[in-house]
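For the sequence shown, numbering that gives the first Met the number 0 begins at 0 and goes up steadily by one. Beta carbons: idealized from backbone N, C-alpha and C, even for Gly. Treat the numbers as computed from the prediction; the structure is a model and nothing was measured. Take a look at the structure below.
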Amino acid sequence: MKLDHLDKQLLGLLQDDCKKTTKSYANQLGLSTTAVYERIKRLERDGVIKKYVALLDKHLVAMDFTVLCHVKLSRHIKEYVLQFEREV
């Protein structure tokens, strides 16, 4: 899918604040509300916009999390393992 410069501008605005009204985006882009609405729907339909999410402040919501990962080292020499441990 090819995105034109207005699509890219709209995506930037949505990434900055996706809770604004379509009218607000239309005013910023110099388009009609309908044109912006149709662009957003097309971008959603084509999979460019996958979902809308809320970014939380981890300090305010006190949500701890654990991450598990699998690491495969290309060299198993002791000095490489020690270097990996220091850097991680």
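A straight-line Cα-Cα distance of about 40 Å links Ser73 and Asp45. When the beta-carbon positions are compared, Leu42 and Asp3 stay at least 9 Å from each other. In this structure the segment 24–35 does not touch the segment 51–69; the number of beta carbon pairs closer than 8 Å is below three. When DSSP states are grouped into helix, strand and coil, Leu54 belongs to the coil group.
Following the DSSP letters along the chain, one finds Leu10 inside the alpha helix (DSSP H) bounded by residues 4–15.
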